[in-house]
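Undergrad: If you read the protein sequences in the order shown, they are chains A and B. Mapping of the first sequence onto the numbering used here: residues 55 to 294, in sequence order. Mapping of the second sequence onto the numbering used here: residues 55 to 294, in sequence order.
There are 2 protein chains.
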Amino acid sequence: MAPRPRACSACAVRETALCGVLNTQQLARLNRRSYRRLYPAGQLIAGVAASEDWCATVLSGVIKLSKTLSDGRQQIVALLFPGDFLGRPYRAEFPYTAETATEVQLCCYGRTYFEGFMQERSDLKQIFLERTLDSVDAARDWMLLLGRKTAQEKVAALLLTILQRTSRPCPDCEQGPCRQLIMPLTRTEMADYLGLRLETVSRQLKQLEAIGTIKRLDPRRISVRDVDALAKAASSDSTP
Amino acid sequence: MAPRPRACSACAVRETALCGVLNTQQLARLNRRSYRRLYPAGQLIAGVAASEDWCATVLSGVIKLSKTLSDGRQQIVALLFPGDFLGRPYRAEFPYTAETATEVQLCCYGRTYFEGFMQERSDLKQIFLERTLDSVDAARDWMLLLGRKTAQEKVAALLLTILQRTSRPCPDCEQGPCRQLIMPLTRTEMADYLGLRLETVSRQLKQLEAIGTIKRLDPRRISVRDVDALAKAASSDSTP
DNA sequence: TCCGCCGCTTGACCTGGATCAAACCAAGCT
DNA sequence: AGCTTGGTTTGATCCAGGTCAAGCGGCGGA
Chain A
55 MAPRPRACSA CAVRETALCG VLNTQQLARL NRRSYRRLYP AGQLIAGVAA
105 SEDWCATVLS GVIKLSKTLS DGRQQIVALL FPGDFLGRPY RAEFPYTAET
155 ATEVQLCCYG RTYFEGFMQE RSDLKQIFLE RTLDSVDAAR DWMLLLGRKT
205 AQEKVAALLL TILQRTSRPC PDCEQGPCRQ LIMPLTRTEM ADYLGLRLET
255 VSRQLKQLEA IGTIKRLDPR RISVRDVDAL AKAASSDSTP
Chain B
55 MAPRPRACSA CAVRETALCG VLNTQQLARL NRRSYRRLYP AGQLIAGVAA
105 SEDWCATVLS GVIKLSKTLS DGRQQIVALL FPGDFLGRPY RAEFPYTAET
155 ATEVQLCCYG RTYFEGFMQE RSDLKQIFLE RTLDSVDAAR DWMLLLGRKT
205 AQEKVAALLL TILQRTSRPC PDCEQGPCRQ LIMPLTRTEM ADYLGLRLET
255 VSRQLKQLEA IGTIKRLDPR RISVRDVDAL AKAASSDSTP
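#1: Determine the direct distance from the alpha carbon of Gln206/A to that of Gln258/A, and round the result to whole angstroms.
#2: Would you mind listing the alpha helix (DSSP H) stretches within the segment 248 to 277 of chain A that are 4+ residues and don't spill past its ends, in chain order?
#3: Identify every residue that forms a DSSP beta bridge with Thr156/B.
#4: Could you check how far apart the C-beta atoms of Val112/A and Leu140/A are, in whole angstroms? I think they sit under 8 Å.
#5: I need the straight-line Cα distance from Ser290/A to Ala211/A, nearest angstrom please.
#6: According to the neighbour-count rule (16 or more other Cβ atoms, all chains shown, within 10 Å of its Cβ), is Ser236/B buried or exposed?
#7: Output needed in chain order: residues of the segment 144 to 159 of chain A with a Cβ under 8 Å from some Cβ in chain B.
#8: Step through the CB atoms of chain A and report whether any lies within less than 9 Å of the CB of Leu284/B.
#9: Please list, in chain order, all residues of the same chain as Gly164/A whose beta carbon is under 6 Å from its beta carbon, the five residues on each side excluded.
#10: Can the beta-carbon of Gly249/A be found closer than 9 Å to that of Lys208/A?
#11: Do the segment 113 to 132 of chain B and the segment 165 to 183 of chain B make contact, defined as three or more Cβ pairs closer than 8 Å?
#12: Name, please, each residue of chain A whose Cβ falls closer than 7 Å to the Cβ of Val255/B.
#13: Is the CB of Gln128/B under 9 Å away from at least one CB in chain A?
#14: Around the Cβ of Leu284/B, are there at least 16 other Cβ atoms within 10 angstroms (buried) or fewer (exposed)?
#15: Determine contact between the segment 148 to 155 of chain B and the segment 186 to 205 of chain B, defined as no fewer than three beta-carbon pairs at a distance below 8 Å.
#16: Just to check my reading of the structure: Asp246/A and Gln128/A have Cβ atoms closer than 8 Å, yes? What is that Cβ distance to the nearest angstrom?
#17: Say the cut is 8 Å; is the CB of Lys203/B nearer than that to a heavy atom of the ligand GDP?
#18: Using 8 Å as the threshold, is the segment 188 to 198 of chain A in touch with the segment 131 to 148 of chain B, meaning 3 or more CB pairs across them?
#19: By Cβ distance, which residues of its chain are closer than 7 Å to Ala56/B, with the 5 residues on each side in sequence left out?
#20: What are the boundary residues of the alpha helix (DSSP H) that Tyr167/A is part of?
#21: Check the DSSP bridge columns for Arg145/B and list the partner residues they point to.
#22: Just to confirm the assignment, what range does the beta strand (DSSP E) spanning Lys118/B have?
#23: Measuring only between beta-carbons, confirm whether Val131/B sits less than 9 Å from chain A.
#24: Within its chain, find whatever has a CB closer than 7 Å to the CB of Cys224/A; leave out the 5 residues flanking it on each side and keep chain order.
#25: Quick one, which of Leu81/A, Ile268/A, Leu271/A, Val158/A has its alpha-carbon nearest Tyr93/A's?
#26: What residue range is occupied by the uninterrupted alpha helix (DSSP H) comprising Val75/B?
#27: Based on Cα-Cα distance, which residue from Asp282/B, Leu160/B, Leu84/B, Leu199/B lies nearest to Ile99/B?
#28: Helix, strand or coil: how does DSSP classify Val67/A here?
#29: With burial defined as no fewer than 16 other Cβ atoms inside 10 Å of the residue's Cβ, what is the status of Ile265/B: buried or exposed?
#30: What's the C-alpha gap between Gly137/A and Ser221/A?
#31: Can you pull out the residues from the segment 187 to 198 of chain A whose beta carbon lies closer than 8 Å to at least one beta carbon of chain B?
#32: Please compile the residues from chain A whose C-beta is within a distance smaller than 7 Å of the C-beta of Ser176/B.
#33: Alpha carbon to alpha carbon, how far is Arg275/B from Val67/B? Give it in angstroms, no decimals.
#34: Where does Arg91/B fall in DSSP's three states?
#35: How would you list, in chain order, the residues of chain A whose beta-carbon sits under 8 Å from the beta-carbon of Gly74/B?
#36: Just how far apart, CA to CA, sit Glu106/B and Asn85/B?
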């Protein structure tokens, strides 16, 4: 549950995470105050009621942030990938439910300590601000999807997102329009992210396979035959 | 179109806007570099393609931020009220379409100037960061609405939002469960914000009136007879 | 080895909200 | 006064996606 901390310099997300802006010395300082946590798949990380006094960088795996209505209806509002930040500075309450979708490794630090560190290192705060602005844009992009896109477009857009965030070369066809992806979410979770039902997700995947855009290798592994066609099916927003 | 600037100290949103953290002297400095703009209702303020080199504080009126698909489907992703910030620092492109819903008065300043001012005044940057974090939360709340709520709940939630953001005492019953609101949006705009059709919005308003929760005085003016019932109808999220 | 469980698929049917169409109403213009 | 226009309401009908139900396959535990 708490593997011993290792050197930041050898960190898997050294380049992509927030701490990428820090120099070796500052990194060493933060390192001394950070610790790692390992969670199995499908586990609650942070609830809403519980006040959260820590935050973290995702080292590996995928985390779901979700909101739930009193009658159980659920909406996943964000996915966190390696390099992403988990937490809510300047607030004791974390306003979402955070659960692991896969096995997850975190690099954790105290919330107020991190806030203090941002105060000191204004370039850290700067990059955190820019990322937060990007989060706003991402959430609003997803609002367009939830409010106005069809089931087909939603599913295609999700596949595209996963493809972009977890690009792995397809064993057969290295380059070109064909790519392979491993879906970190169950059908139910996909549905909860897209504002659909799991049956609808399943049918839309079948549909996308029928028109030759993708191929389902197994429930979790999908080969994207034609990325351009998928992007078209997702009708990525234009706003002329 | 460009009324002469007035003193910040007499500003209508002095308390609520970002600049609320600045002292008189700093305010005077910003004031010298700011100018006002007045837009009629239903006018384009900022497009997506056009690079935007300025940002602003909303002094009065309501602004819609929206995204559009190539085939014309539209989703309003946020409403800006007096005191809110309009713009996208650290990016030349403004990623939404901004249009006035009502007549709007803005207090504008250069984008890069504002960025420099934030750099200098870290408490300004701090409050801007906190507001941006709030924007993320607000967008994610709306994602729950778009993805999982029924038409009835959506309309109720919108009325509640407008009520909160533009609280005006009901002429008859000052206190208590009854309030009056003036909807700044047309039915079409309401639908575009809620991921519905205007006909559905109209029908749901009728429905809410039928069960006695609201009363439509005229298309724009709505008297909320029972705020609690409206909140219940909106099933505000709980996340237990 | 068998059983139960969980995630996934598929089929049949249903319904909430979309679509299509008409009419209304108030404001501004001629 | 009559006409036009933009926003709104209302009714009739349609269909994308939800709901209900059955069955499948892989996996872990007895």
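Each residue gets a CB set at the ideal place from its N, CA and C atoms; glycine is no exception. None of these values were measured; they are calculated from a predicted model.
TA: This is what the structure gives:
#1: 6 Å
#2: 252 to 264
#3: In DSSP, Thr156/B forms no bridge with anything.
#4: 6 Å
#5: 8 Å
#6: In the sequence as presented, Ser is not what sits at residue 236/B; that position holds Ile. Its Cβ having fewer than 16 others within 10 Å, Ile236/B is exposed.
#7: Tyr144, Arg145, Pro149, Tyr150, Thr151
#8: no
#9: Trp108
#10: yes
#11: no
#12: None at all; the shortest Cβ gap to chain A is about 13 Å.
#13: yes
#14: buried
#15: no
#16: 5 Å
#17: Ligands displayed in this structure: none; no statement on the ligand GDP is therefore possible.
#18: yes
#19: Note that Ala56/B scores 47 on pLDDT, short of 50, meaning its location in the model is unreliable and no value can be drawn from it.
#20: 165 to 174
#21: Partner(s): none; Arg145/B has no beta bridge.
#22: 117 to 122
#23: yes
#24: For Cys224/A, the predicted structure reports a pLDDT of 49, less than 50, and the residue's modelled location is therefore unreliable. A value from the coordinates is still provided. Within the same chain, Cys224/A has close Cβ partners Cys232, Arg233, Gln234, Ser277.
#25: Val158/A
#26: It is not in any alpha helix (DSSP H) - Val75/B carries neither H nor E in the DSSP assignment.
#27: Leu160/B
#28: coil
#29: exposed
#30: 14 Å
#31: Leu187, Ser189, Val190, Asp191, Ala193, Arg194, Asp195, Trp196, Met197, Leu198
#32: Ser176
#33: 24 Å
#34: strand
#35: Simply none; closest approach about 17 Å.
#36: 20 Å
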